[in-house]
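In the order they appear, the protein sequences are chains Y and G. With the first letter of the first sequence counted as 1, position 18 gets the number 24 in this note's numbering; the numbers rise by one all the way through. With the first letter of the second sequence counted as 1, position 47 gets the number 57 in this note's numbering; the numbers rise by one all the way through. Glycine residues also receive a C-beta, built at the ideal position from the N, C-alpha and C atoms. It should be emphasised that the depicted structure is a prediction, and the values quoted were computed from it without experimental measurement.
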Amino acid sequence: EVQLLESGGDLVRPGGSLRLSCVASGFTFNNYAMTWVRQAPGKGLEWVSAISGSDGTTYYADSVKGRFTISRDNSKDTLYLQMDSLRAEDTALYYCAKTIDGCCRFDYWGQGTLVTVSS
Amino acid sequence: DIVMTQTPLSLSVTPGQPASISCRSSQSLLHGDGRTYLYWYMQKPGQSPQPLIHEVSNRFSGVSDRFSGSGSGTDFTLKISRVEAEDVGVYYCMQGIHLPPPTFGQGTKLEIK
Numbered sequence: 007e008v009q010l011l012e013s014g015g016d017l018v019r020p021g022g023s024l025r026l027s028c029v030a031s032g033f034t035f036n037n038y039a040m041t042w043v044r045q046a047p048g049k050g051l052e053w054v055s056a057i058s059g060s061d062g063t064t065y066y067a068d069s070v071k072g073r074f075t076i077s078r079d080n081s082k083d084t085l086y087l088q089m090d091s092l093r094a095e096d097t098a099l100y101y102c103a104k105t106i107d108g109c110c111r112f113d114y115w116g117q118g119t120l121v122t123v124s125s
Numbered sequence: 011d012i013v014m015t016q017t018p019l020s021l022s023v024t025p026g027q028p029a030s031i032s033c034r035s036s037q038s039l040l041h042g043d044g045r046t047y048l049y050w051y052m053q054k055p056g057q058s059p060q061p062l063i064h065e066v067s068n069r070f071s072g073v074s075d076r077f078s079g080s081g082s083g084t085d086f087t088l089k090i091s092r093v094e095a096e097d098v099g100v101y102y103c104m105q106g107i108h109l110p111p112p113t114f115g116q117g118t119k120l121e122i123k
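Shown next, in the form of structure tokens:
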């Protein structure tokens, strides 16, 4: 059974940093790209970042480029999102998603971890 | 970025009746490889999003055949043949051709009458 378990969400002040983790199980982690998608309170879905399975190529939304860094440790079946220079508008529930075909076929989603940026 | 526009933004359907959601993209989603990269996801209240349809009309594994997708180019439709109570939630279309980023529609909220 595929499982994705996010953690690391917290309340942080503007300008602060946070690292999210997503531990995967039930599939061969390094065979798949992984994606972070976020959802601000009461709002829709926003694609944030993605990383390929093997060569680690990364992709970012313009809204987070230069502030967020996606990475993965295939030996630990874990996906990360390092979030720096956080802003109030980054407040959201962050989901990790197993990704087929390198991009947009998200066949499994985690339960999400909440990031709140507020002073 | 590609803009995805869904209509309606909300709909209320009697159980057993059909429902239809439209999604329009600001540019064609037909790739040079012949595939059209349009996806549908839904989010039940209080839950994570879940996959429904990939590449316009292909159901993800385990998705009920009451759900079907159609369309081409810039205009797409998700249909539910007979709405059930468990279908309540928000439905999102998403494009995956003009990257990055993939972009979602605003979402359509489905309620039961």
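Alpha-carbon to alpha-carbon, residue j and residue i
i      : j      : result
G115/G : R92/G  : 23 Å
T15/G  : Q37/G  : 11 Å
P59/G  : Y51/G  : 6 Å
D43/G  : Q105/G : 15 Å
S77/Y  : R25/Y  : 11 Å
L62/G  : R69/G  : 6 Å
L142/G : E65/G  : Chain G is shown only over 11 to 123; residue 142/G falls outside these bounds and no answer can be derived.
L99/Y  : T84/G  : 30 Å
A39/Y  : V18/Y  : 28 Å
S74/G  : E96/G  : 11 Å
G22/Y  : V121/Y : 11 Å
G62/Y  : P25/G  : 46 Å
S78/G  : Y49/G  : 11 Å
S67/G  : D79/Y  : 34 Å
Q117/Y : V43/Y  : 11 Å
S22/G  : Y101/G : 13 Å
Terminal residues of the beta strand (DSSP E) in which residue i lies
i      : result
F77/G  : 77 to 82
R34/G  : 29 to 35
L62/G  : 59 to 64
F112/Y : 111 to 115
I107/G : That residue, I107/G, is in no beta strand (DSSP E); it is neither H nor E in DSSP.
A56/Y  : 51 to 57
V23/G  : 20 to 23
7 Å Cβ cut-off: residues of chain Y touching residue i
i     : result
H64/G : R111
Chain-ordered chain G contacts of residue i [CB-CB under 7 Å]
i     : result
A67/Y : P110, P111
Interface residues of chain Y facing residue i [CB-CB closer than 9 Å]
i      : result
F114/G : V43, G50, L51, E52, W53
Where residue i falls: helix, strand or coil (DSSP)
i      : result
E96/G  : helix
N80/Y  : coil
E121/G : strand
D96/Y  : helix
S86/G  : A small correction: the amino acid at residue 86/G is Phe; Ser does not occupy that position in the sequence shown. The answer is strand: DSSP assigns F86/G an E or B state.
F33/Y  : coil
E7/Y   : coil
Y38/Y  : coil
F114/G : strand
F70/G  : coil
Checklist line | Contacting positions in the stretch 107 to 122 of chain Y - beta carbon closer than 9 Å to chain G | finding: From the stretch 107 to 122 of chain Y, only D107, C109, C110, R111, F112, D113, Y114, W115, G116, Q117, G118 have a Cβ closer than 9 Å to chain G.
Checklist line | Proximal residues, the stretch 22 to 55 of chain Y versus chain G, C-beta separation under 9 Å | finding: Residues T41, V43, Q45, K49, G50, L51, E52, W53, V54, S55.
Next item on the list: Output, in sequence order along the chain, the residues in the stretch 53 to 82 of chain G whose CB is closer than 9 Å to any CB in chain Y.
Entry: Those would be Q53, Q57, S58, P59, Q60, P61, H64, E65, F70, S71, in chain order.
Next item on the list: Name, going along the chain, the residues of the stretch 96 to 109 of chain G whose beta-carbon falls closer than 7 Å to a beta-carbon of chain Y.
Entry: Here the close residues are Y102, M104, G106, L109.
Notebook entry, point to check: In chain order, what residues of the stretch 89 to 105 of chain Y put their CB closer than 7 Å to some CB of chain G?
Noted result: Residues of the stretch 89 to 105 of chain Y with a C-beta atom less than 7 Å from some C-beta of chain G are Y101, listed in chain order.
Next item on the list: Could you list the residues in the stretch 14 to 47 of chain G with a C-beta less than 8 Å from some C-beta on chain Y, going in chain order?
Entry: Cβ contacts with chain Y come from Y47.
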